[in-house]
Each structure stands twice: as C-alpha cells, then as structure tokens.
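> Residue numbering for the sequence shown follows the UniProt record's numbering, beginning at 1 and increasing consecutively.
Cβ coordinates follow ideal geometry from the N, Cα and C atoms, glycine included.
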Amino acid sequence: MMKLWGIDLGGTKIECAVLDPERNLEVVVRMRLPTESANGYEHILSQIKKLIDQVAEQVGEKPTKIGFATPGVLEPDSQLMKNSNTICLNGMPLKADLEKILGIPVQLANDANCFALAEALIGAGKDYPRAEVVFGVIMGTGVGGGLVVNNKIIAGHHGIGGEWGHNILEENGEPCYCGKAGCVEQVISGPALERFYEKVSGEKLTMKVILDRYHQGNDEFAKATIERLLEFYGRAISTLINVLDPGLIVIGGGVGNVELLYTAGFEKIKKYIFNKGVVTTPILKPKLGDSAGVFGAALL
1 MMKLWGIDLG GTKIECAVLD PERNLEVVVR MRLPTESANG YEHILSQIKK LIDQVAEQVG
61 EKPTKIGFAT PGVLEPDSQL MKNSNTICLN GMPLKADLEK ILGIPVQLAN DANCFALAEA
121 LIGAGKDYPR AEVVFGVIMG TGVGGGLVVN NKIIAGHHGI GGEWGHNILE ENGEPCYCGK
181 AGCVEQVISG PALERFYEKV SGEKLTMKVI LDRYHQGNDE FAKATIERLL EFYGRAISTL
241 INVLDPGLIV IGGGVGNVEL LYTAGFEKIK KYIFNKGVVT TPILKPKLGD SAGVFGAALL
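1. Based on DSSP bridge pairs, tell me the residues matched to T70.
2. Can you tell me which of L261, I251, L260 puts its alpha carbon nearest to the alpha carbon of I138?
3. From S238 to Q186, what does the alpha carbon distance come to, in whole angstroms?
4. Would Y177 be called buried (16 or more neighbouring beta carbons within 10 Å of its own) or exposed?
5. Inspect the CB distances between the region 281 to 289 and the region 84 to 100 and report whether three or more fall short of 8 Å.
6. Just the C-alpha distance for S189 and V143, rounded to the nearest angstrom, thanks.
7. In terms of DSSP beta bridges, what is P34 paired with?
8. For the beta strand (DSSP E) containing M139, name the first residue and the last one.
9. With DSSP collapsed to three states, give me the class of C176.
10. Excluding five sequence neighbours on each side, which residues of the same chain lie with their C-beta closer than 6 Å to the C-beta of D219?
11. Pairs of beta-carbons, one from the region 225 to 237 and one from the region 252 to 265, closer than 8 Å: are there three or more?
12. Go ahead and pull the three-state DSSP assignment for E26.
13. Short check: CB of P282 to CB of F135, under 8 Å?
14. What is the DSSP secondary structure of D53, reduced to helix, strand or coil?
15. For L229, does the three-state DSSP call read helix, strand or coil?
16. Near Q107, what residues of its chain come up, given a Cβ to Cβ distance below 6 Å and the 5 sequence neighbours on each side ignored?
17. What's the gap between the Cα of E227 and the Cα of V73?
18. Should K268 be counted as a contact of the ligand ADP given a C-beta to heavy atom distance under 7 Å?
19. Does L288 come out as helix, strand or coil in the three-state DSSP assignment?
20. On a Cα-Cα basis, can you pick out the residue from E42, K3, G179 that is closest to I101?
21. Would you kindly work out how many angstroms separate the C-alpha atoms of residue 375 and L229, rounded to a whole number?
22. Take every Cβ of the region 52 to 62, pair it with every Cβ of the region 25 to 33, and state whether three or more of those distances are shorter than 8 Å.
23. Let me make sure I understand the geometry here. Which of L89, I241, A131, G156 has the alpha-carbon closest to that of E36?
24. In three-state DSSP terms, what is A181?
25. Here's a check: name, in chain order, each residue in its chain whose Cβ is nearer than 6 Å to the Cβ of K62, leaving out the five neighbours to either side.
26. Reducing DSSP to helix, strand and coil, say where I168 ends up.
27. List the DSSP bridge partners of I249.
28. In the DSSP assignment, the beta strand (DSSP E) including V143 goes from what residue to what residue?
29. May I ask you to list the residues that DSSP assigns as paired with L4?
30. In chain order, what residues of the same chain lie with their CB nearer than 8 Å to the CB of L244, ignoring the 5 residues before and after it?
31. Cutting at 6 Å between CB atoms, please list the residues of its own chain near T86, excluding the five before and the five after it.
32. Tell me which residue opens and which closes the alpha helix (DSSP H) that E163 is part of.
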C-alpha cells in the first residue's frame, strides 16, 4: 500500500511527514526546513521541493501524490490563494505551481481544516466514533477553524468553510485586517488579549504572564483580561454549537491551552446556547499536538 505524504506549510517552518497505512499510520519520517518566507514565493516553492527531495532520499521512494496544509485557502473559481497570513502566497496559483515543480498530483487544504481532519480521524475523535460533525478550533496568534462532516473536510462554496474567526463578536471592536471590526480574532486571540491588557493597564505583558497574574489574584487588569476571554469565548463557541451542533469540538493553539476554557469558559457557553443552558458537546484539547496539521495533510 502506498505511503501517505503530507506537508504543513507554515509561516516559519515547512514540515513533511510520511505515514505508513500498513502499520497503523506509523510515522516513517518527519523533517522540517525553515520557510524563509521573507525571500518570497519562488523561494518557498524551492524550499518545499528541497524538503521533499530530502525526505524521499530517507524513505527510499518518491511520493506519487501529496497533501498540503496551507495558510489561507485556494479560491475555488480562480484557483489562486487568498486569506493567507504568509502574504506572498496570496494571489498565486500555488496548487498548479506545486504540481508543475513536483510532477505529481497535489491536494491543498487550509491548515485549520487539516488540523480538524487529523483530530477527527486519528486524534481526539477516535474516542467519539459517533461524532458525525467535528469542529476544530485554532486559538493562538490568530483564530481559525475547520469543519469535518462524516470524515470529510467541508471547504464550502467559497473555500472558507469553518472560518469562524472572522465573524463579528464585539460591536465597535478593534479593526481587523479582513476589513471588518470586532472579529473573533480581534477579541480572543493571544495578541488581542495582550493588547487589551496593555490598553487597560499601560503595561505590555505576554499571555503567560497575564494568566499567571490572574491566578495569583493580585492584578485587577489580568482579572479583567481573562474574564473578557472567558465571556467572549462562551459567546463565540455557543454560536458554533447553535449553527452546527457538532458532536465534538477540539481546541488547538496557544490560547487553547488555558485550562479555564474547559471549566469556567464551558459555563459561559451555557448562557448563550439555544438549548435551555444544557451543553453536552465534548470540548477537548487536541491529542496530536503540533503534528495535527501535517498528519491532516497526509490524510487528504
């Protein structure tokens, strides 16, 4: 049986993983190279080719097809990239260019979709086989999401399925690069919370220090910041449940490690859910860690 190849194309690193389906998806090889995105689009393509060649040498065979987890998405009609925070990818025919330089079929999916697919199939979802709808949340530097229904990514008509991070959460909130203001990403991402703390306190701190101060109980501004996170998290997740009613939600990203999301934050969801305050949706941390993106790419 053919080995499964996947690439996670990140802003700082490109990771390749090869899985063996005959050995319960055992990892054959994992390797990384720096993206060096500041050097431009063509350089990223050359780094991808270089990495695949190095991995092929270790595996002893070349891929016959390969999946990519990408920042942003391939616009279905134009087949050009959009919404990528690796800006040089936007407007480029990434899929066509990769197929040209690699000489094999390429499948692209948004990195949050790949995260959701991997967690649904071989991560947290393995404990919930009856979950037909799995939503993967990314809460970190940005806020994104991926939707998997019956083990299949739902990319949507515009290729933006699962993009809950760019719905308006706070009226008259901070402007977002997407053109709106008060998006989920501008309220509960790590940088947004750090900006809020700096705004109310005049002091610039990392989320880790803010959280530590919250637990110490002697910083009113840390208290306000974390309470803001929990309140808006409850509102945002309740909207997901009200619209999709998933059988499982998996939360990745740095902010997703905040334990309060799964206790006090879970209670906040009950305030807004359209189900008389009853929430039985399992909301879990990922089982695959930072491997989810590259594993999801391989599973495409």
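So, from the listed chains and residues:
1. Mapped onto the sequence shown, residue 70 falls at position 70. Looking at the DSSP assignment, T70 forms a beta bridge with N110.
2. The residue you call residue 138 lines up with position 138 of the sequence shown. For the residues L261, I251, L260, the minimum Cα distance to I138 belongs to I251.
3. Position 238 of the sequence shown, counted from the first residue, corresponds to residue 238. Position 186 of the sequence shown, counted from the first residue, corresponds to residue 186. CA-CA distance, S238 to Q186, rounds to 18 Å.
4. As a working mapping, residue 177 is identified with position 177 in the sequence shown. Per the 10 Å Cβ criterion, exposed.
5. Segments in contact, no.
6. Working through the sequence shown from its first residue, we reach residue 189 at position 189. Working through the sequence shown from its first residue, we reach residue 143 at position 143. C-alpha separation (whole angstroms): 6 Å.
7. Numbered from its first residue, the sequence shown carries residue 34 at position 34. Looking at the DSSP output, P34 shares a beta bridge with K13.
8. As a first step, residue 139 is located in the sequence shown; it is residue number 139 there, counting from the start. Note, M139: beta strand (DSSP E), 133 to 139.
9. If you number the sequence shown from 1, residue 176 lands on position 176. The answer is coil: DSSP assigns C176 none of H, G, I, E or B.
10. The count along the sequence shown starts at 1 and reaches residue 219 at position 219. Correct list, in chain order: R213.
11. Contact between the region 225 to 237 and the region 252 to 265 is present, because at least three Cβ pairs lie under 8 Å.
12. If you number the sequence shown from 1, residue 26 lands on position 26. E26: strand per DSSP, three-state reduction.
13. Numbered from 1 along the sequence shown, position 282 holds the residue referred to as residue 282. Numbered from 1 along the sequence shown, position 135 holds the residue referred to as residue 135. With a cutoff of 8 Å on beta-carbon distance, P282 and F135 are scored as not near each other.
14. Along the sequence shown, one-based indexing puts residue 53 at 53. It is helical.
15. Position 229 of the sequence shown, counted from the first residue, corresponds to residue 229. Looking at L229 - three-state DSSP - the assignment turns out to be helix.
16. Position 107 of the sequence shown holds residue 107. When the five nearest sequence neighbours on each side are left out, the beta carbons in the same chain lying within less than 6 Å of the beta carbon of Q107 are those of G67, L300, in order along the chain.
17. Residue mapping note: residue 227 aligns to position 227 of the sequence shown, counting from 1. Residue mapping note: residue 73 aligns to position 73 of the sequence shown, counting from 1. When the Cα atoms are used, E227 and V73 turn out to be separated by approximately 33 Å.
18. Annotation note on the ligand ADP: not contained in the displayed structure, which lists no ligands.
19. Mapped onto the sequence shown, residue 288 falls at position 288. Secondary structure of L288 (DSSP, three-state): coil.
20. The residue labelled residue 101 in the question sits at position 101 within the sequence shown. Closest option to I101, Cα to Cα, is E42.
21. Lying outside 1 to 300, the shown extent of the chain, residue 375 is not represented and no answer is given.
22. For the pair of segments examined, the region 52 to 62 was found to touch the region 25 to 33: the number of CB pairs separated by less than 8 Å reaches three.
23. Numbered from its first residue, the sequence shown carries residue 36 at position 36. Comparing Cα positions, the closest option is L89.
24. For this step, residue 181 is matched to residue 181 along the sequence shown. Secondary structure at A181: strand, using DSSP grouped into helix, strand and coil.
25. Position 62 of the sequence shown, counted from the start, is the residue given in the question as residue 62. Excluding positions up to five away in sequence, the list reads A56.
26. Position 168 of the sequence shown, counting from 1, holds the residue named residue 168. Note: I168 maps to strand in three-state DSSP.
27. Translated into the one-based positions of the sequence shown, residue 249 becomes position 249. The partner list for I249 (beta bridge, DSSP) reads F135, I283.
28. The residue given as residue 143 occupies position 143 in the sequence shown. Element bounds for V143: 143 to 149.
29. For the purposes of this step, residue 4 is identified with residue 4 of the sequence shown, where counting begins at 1. For L4, which the question treats as bridged, DSSP gives the partners L19.
30. Working through the sequence shown from its first residue, we reach residue 244 at position 244. Within its own chain, the residues whose Cβ lies closer than 8 Å to the Cβ of L244, once the five positions on either side in sequence are excluded, are V133, F135, L147, listed in chain order.
31. The sequence position of residue 86 within the sequence shown is 86, counting from 1. By the criterion of a C-beta distance shorter than 6 Å, T86 is surrounded in its chain by G11, S37, P71, once the five residues flanking it on both sides are discounted.
32. Against the sequence shown, residue 163 aligns to sequence position 163. Run containing E163: none; DSSP gives neither H nor E here.
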